[in-house]
Amino acid sequence: MNPTISELLKQSDFQNYGFTALDTPVSIEYYKEWLNQNYHADMEYLKRHLPQKENPTQLLPKAKSAIV
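For the sequence shown, position 59 (counting from the first letter as 1) is numbered 65 according to my numbering, and the numbering increases by one without interruption.
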């Protein structure tokens, strides 16, 4: 019998984790405004990654959830 993801995480000493659907984050508008205010300073990758943050399935189209 194959172990579940939860069992594998526990075996790897992960103590705090959860699973979430890959939906648009509820905080995305706040994040966009944060970027527009240039609070990301010289961390341009934060701006470049916005489309993936807004729609996480752009990175992995077949993914349905994430371990966080």
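Here a beta-carbon is modelled for each residue, glycine too, at the ideal position from N, C-alpha and C.
Margin query: Can you tell me whether Thr-26 is helix, strand or coil according to DSSP?
Written below: strand
Comparing C-alpha positions only, which one of Thr-10, Asn-42, Asp-29 and Tyr-45 sits nearest to Lys-59?
Asp-29
*The alpha helix (DSSP H) with Ser-12 in it runs from where to where?*
11-17
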